[in-house]
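Note sheet for the following structure.
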Amino acid sequence: MTFASRGRALMWVLATVSTATFTLTMEAYGFTVCFLPYVIISTVMLAVLILIYPQQAIEVLE
Numbered sequence: 524m525t526f527a528s529r530g531r532a533l534m535w536v537l538a539t540v541s542t543a544t545f546t547l548t549m550e551a552y553g554f555t556v557c558f559l560p561y562v563i564i565s566t567v568m569l570a571v572l573i574l575i576y577p578q579q580a581i582e583v584l585e
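Residue 524 is where the sequence shown starts when you use the numbering used here, and the numbers rise one by one after that.
Written as structure tokens, this is what we have:
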């Protein structure tokens, strides 16, 4: 299994968990707490992409 396939499988699992718990979390805690994990995870993933992408681009050019 390649890295992309594992990453895609992980995203499917996380999306399933997120979808299954969204309504319960929204009713129990409200809008802000419900969307806070999405914002935090998206910010972390963006930071990782920013840190990794330039290194991979330089390696490809060499």
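Glycine residues also receive a C-beta, built at the ideal position from the N, C-alpha and C atoms.
This structure is a prediction, so every number in the text was calculated from the model and none was measured.
Cβ-Cβ distance between residue i and residue j below 7 Å
i, j, result
"C557", "T548", "yes"
Whole-angstrom distance between residue j and residue i, CA atom to CA atom
i, j, result
"S541", "M534", "10 Å"
"A570", "Y561", "14 Å"
"T544", "Y576", "32 Å"
"T539", "I564", "16 Å"
"R529", "A551", "32 Å"
"V567", "L559", "12 Å"
"L572", "R531", "16 Å"
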